[in-house]
Ligand code: SF4
Ligand code: SF4
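Numbering (our numbering), first residue to last: 8 to 730.
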C-alpha cells in the first residue's frame, strides 16, 4: 500500500473514531432528558420549511448583514466543498480522481474555487469582526464577552487550513499534472496558485501536491474531532435543533402547561427545573447547540443595563453543568429506579445498573451555584434572545422552568414579589384593590358601558378585556377610556366583565407560580364560558398574549385581538377618521408581548401614520429589535437595584429621537416610560400616550364635562342605552 494512502487512512480512521465516540456520548446525554413527545410530531412540512429558511437560507443570521453574509458563504462553502473532500480521498487512492459524469466539468471547478475563495474572504471578515468586538477592548459591550474566544480563533485557523491546503494541492497539481487536473482554466484560484508555484519546478511541486493533499485530509479529520469537542458542534446539531424547535418561534405562550391538579401530585412530582435532569431532551439539545455567538447577549435588556443576566451565559452554564453531570445523567438513564434526583431533591450519586454506567458526579442544584438568583430573576421574558438566536434556542422557557422550581418546590423568590402574588390570589389583581373598583374607569365616560351580567348577547361583538392595570391604575385608565370612546364612536358593540374580570395570571406565570396562574386561568375560562364569550379585544398585551396563546391549553379558546389591531381595522374601514387635532413628532415603543411575541408591528404604526399631523420617527431598536420597558416577566413587581433601570435606558433612546410624544399600546409600558420621562424631568415637554389617546386627541373628541354615565350592569335581556 502506498505510504500516502496508509498515512491518510490512519489519520482519518483515528479521528473519525474519536469524533464518533464523542457524538455518540452527546447523543446519549441529550436523550437522557425528560420526554418532549410534542417535539417529535411528524409535522414534516413545518420542519422542512424551517430547514430551508433557517439552515439553508440562514434567515436569522442574515438579519445581521455583514456577519450573516460571511456565515452564509462559509456554511455553503463547506457544503460545496464536500465535493472536494470526496475528491481528495479519491485522489489518495487514484491520482487524478474525479466524479463520474460531472467530475471534469469546468463549472464544478469554478464553483469549488469560487466558494473556496468566498470562505477565505469570509474568514477575513470574521477576523475583523472578532478583533473589533474583542472582549478585551469592549468588555461587557462585546457580544463575545464570556464566549470561548480561543476556540473561536482556533476554528478560524482550522477553516483557513482546510481551504489553504486544498488550494495549494490543487495549485501544485495544475503545475505538475495538468492532464490529471480535470477542470481546465475555470478553476481560477487553483490556476493562480499553480502559476505562483510554477517556479519551484515539477519535482518540488509533485512533492507539494502529495504533501498538501495529505495535509488537507489531516486538517479535515482533525477539524472533525475539534468540532465534536467545541462550540462548533452546532455544525452538526443545529439542523436537528431547528427541526425540533417550536414553530414559527418559541415566543408568545410558554411551551409547557404542567398538570397542576393536586390530586395527581405524588412525592416524585417535580415542577419546573431544579436540576439539569429536569429539562427535556430538546432543552438539552438547545444547550449543546449554542454557538456562543452572543447575539442574544447583545440584545438582552438585562445585560445591556448592567445586570448579571446574559442569556448566552445561562445557556453555556447549563451546558457545562450538563457535561459535568454526565456520569450521573447517563447512570440515571441506565437505571432510572436506582437513580437519585427523580424527586427533584437528589441525595447522592446514581448507581448505574446493567449498562456499566457509574455516576461520579454529585447532584448539583441549578440555583444558586450554576445560575445565581440575581441572574434568574433579572429576566423580563422580553424574548429578544429567542428572536435573535440563529439556532432557535428557547431561553425564555428554560428560565421560566427554573423559576417554577424555585417558586413551587423551594418557595424561593424575590420577597417584594410576594405581595403581588398574594394580591392576585386574594383580590384578583396585583395591586390588591379588589373587584369592586374594576368599573370605576367607566365613570368618566359620557356613555354607558355594558357589564355582562349573564350571557353576552349576539349583537355584542367583543368582550372588552380591560386588564388589571387598565381598570385600576390612573394612567392606564386613560388608555382604556380612550379606547372605549373610539370603539363607541366607531359603532363597535362591546361589553365588559366588570367585577367578574380577574387577573389573567400572567405575572404569576412569568414569575414561576404556575399553580396560581392556572387557578386564575381556570376561573376566568369558567366565567367566559358561562357568558358565552367568543371574541375578545384586549388593551394589555400581556392579557392579550395569555388569552390568545395560553388559555387554549386549559380549554379556553377565543378569537382575541389587541386594540391596536382593532383600531387599525377601524381606521382602514373609515370608521375612525383621525383629524388635525394633533401635530407633532411621535416615536412608537413596541411592547414586547404585542410586537416580538405576537408580531403586531405594523398595525399601531398604521394608526399613527393615519394621523395627518403626526410624524413617526423610529428608535434604533424597534420592531423585532424593540427594547423592553423593563416590566415584563413580573419585573414590574420586583426591585431593580443592579445596574441602570431598563425603563430609563429605553426612555433615553426615545427622548433622543426628539419626539414630543412617546407612544405605545401597553399599560405596563405606559407606566414604565412615563415614570422614566418624569425621572428625566421631561414631563413638561414629552408626553407618553397610548395610540388610542393620540388618535382621540387628533379627533378633538370632547372631554366629558362632568361625571359620565359609567357602567351599566346588563343581564343581556335589554339593550344598553347609547351615550
Ligand atoms: S427574555 Fe429578554 S431579558 Fe430575558 S434573557 Fe432573553 S433577552 Fe434577556
Ligand atoms: S443562545 Fe443562540 S444567540 Fe445566544 S450565543 Fe448561543 S447561539 Fe448565539
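Note that CB positions come from ideal geometry on N, CA and C, so glycine has one too. Bear in mind the structure is a predicted one, so any value in this text is a computation, not a measurement.
Chain-order list of residues whose beta-carbon lies under 7 angstroms from that of residue i (same chain, five-residue window excluded)
i	result
residue 238	155, 158, 297, 298, 299
residue 572	607, 610
residue 732	This structure cannot speak to residue 732, because the chain is shown only from 8 to 730.
residue 372	281, 282
residue 24	none
residue 582	497, 498
residue 61	67, 249, 399
residue 699	486, 489, 490, 493, 570, 574
residue 677	482, 483, 486, 671, 695, 697
Best match in the options for proximity to residue i [C-alpha to C-alpha]
i	options	result
residue 252	382, 168, 394, 563	394
residue 526	518, 517, 510, 540	510
residue 87	582, 593, 170	170
residue 36	336, 557, 197, 380	336
residue 313	279, 382, 245, 376	382
residue 334	494, 283, 221	283
residue 408	176, 384, 235	384
residue 101	264, 613, 431, 15	15
residue 633	295, 164, 392, 318	392
residue 696	165, 486, 84	486
residue 692	591, 219, 142	591
residue 651	663, 662, 636, 664	636
residue 564	542, 580, 538, 160	542
residue 748	548, 198, 365	Residue 748 falls outside the range modelled here, since the chain spans only 8 to 730, and no answer is possible.
residue 50	78, 107, 254, 179	254
residue 268	53, 523, 626, 39	523
residue 442	403, 310, 503, 453	503
residue 136	23, 301, 222, 94	301
residue 449	467, 484, 426, 547	484
residue 455	624, 446, 324, 649	446
residue 59	175, 116, 246, 420	246
residue 139	233, 74, 189, 585	74
residue 388	34, 124, 189, 599	599
residue 615	461, 631, 47, 585	585
Contacts around residue i, its chain only, beta-carbon distance under 6 angstroms, and the 5 residues preceding and following it disregarded
i	result
residue 285	277
residue 704	588, 589
residue 494	501
residue 315	381, 382
residue 694	668
residue 628	634
residue 513	549, 553
residue 10	none
residue 179	204, 212, 215, 216
residue 781	Absent from the structure is residue 781, since the part of the chain shown begins at 8 and ends at 730.
residue 352	Bear in mind that a pLDDT of 44 at residue 352, under 50, signals an unreliable position, so the number given afterwards is only what the model happens to contain. Nothing meets the Cβ criterion.
8 angstroms CB neighbourhood of residue i in its chain, flanking five on each side removed
i	result
residue 530	509
residue 561	264, 525, 528, 529, 532
residue 328	283, 371, 373, 377
residue 444	478, 479
residue 224	15, 18, 19, 95, 96, 99
residue 12	99, 100
residue 326	294, 295, 297
residue 423	644, 645, 646
Please determine if the segment 552–572 and the segment 253–263 are in contact, where contact requires at least 3 C-beta pairs separated by less than 8 angstroms.
yes
Check whether the segment 233–248 and the segment 398–418 are in contact - that is, three or more C-beta pairs closer than 8 angstroms.
yes
Hey, is the segment 182–201 in contact with the segment 104–115, meaning 3+ C-beta pairs nearer than 8 angstroms?
yes
Would you mind listing the alpha helix (DSSP H) stretches within the segment 392–462 that are 4+ residues and don't spill past its ends, in chain order?
Counting whole runs of 4 or more residues, the segment 392–462 contains the alpha helix (DSSP H) stretches 402–411, 423–434.
Could I get the ranges of all uninterrupted beta strand (DSSP E) runs contained in the segment 494–582, with 3 residues as the minimum, in chain order?
542–545, 566–569
Tell me the start and end of each unbroken beta strand (DSSP E) in the segment 581–645 that is at least 3 residues and wholly inside, in chain order.
Entirely contained in the segment 581–645, the beta strand (DSSP E) runs reaching 3 residues are, in chain order, 591–595, 621–623.
Run through the segment 234–316 for me and flag every whole alpha helix (DSSP H) of 4 or more residues, listed as ranges in chain order.
241–250, 288–296, 302–306, 308–311
Meets three-Cβ-pair contact criterion under 8 angstroms: the segment 592–608 and the segment 654–669
yes
The segment 141–152 in contact with the segment 221–232 per 3-pair CB rule at 8 angstroms
Contact between the segment 141–152 and the segment 221–232 is absent, because fewer than three Cβ pairs lie under 8 angstroms.
Scan the segment 80–159 and note each continuous beta strand (DSSP E) run of 3 residues or more that stays entirely inside, going in chain order.
none
Across the segment 615–622 and the segment 531–538, are there enough close Cβ pairs to call them in contact, namely three or more that are closer than 8 angstroms?
no
Determine contact between the segment 126–139 and the segment 204–222, defined as no fewer than three beta-carbon pairs at a distance below 8 angstroms.
The segment 126–139 vs the segment 204–222: no contact.
Ordered list of beta strand (DSSP E) runs contained in the segment 649–673, each at least 3 residues:
668–671
Threshold first: 4 residues or longer. Then list the alpha helix (DSSP H) segments lying entirely within the segment 167–211, N to C.
Runs of the alpha helix (DSSP H) inside the segment 167–211: 195–204.
Quick test of the definition: if touching needs 3 or more C-beta pairs under 8 angstroms, does the segment 51–69 touch the segment 78–92?
yes
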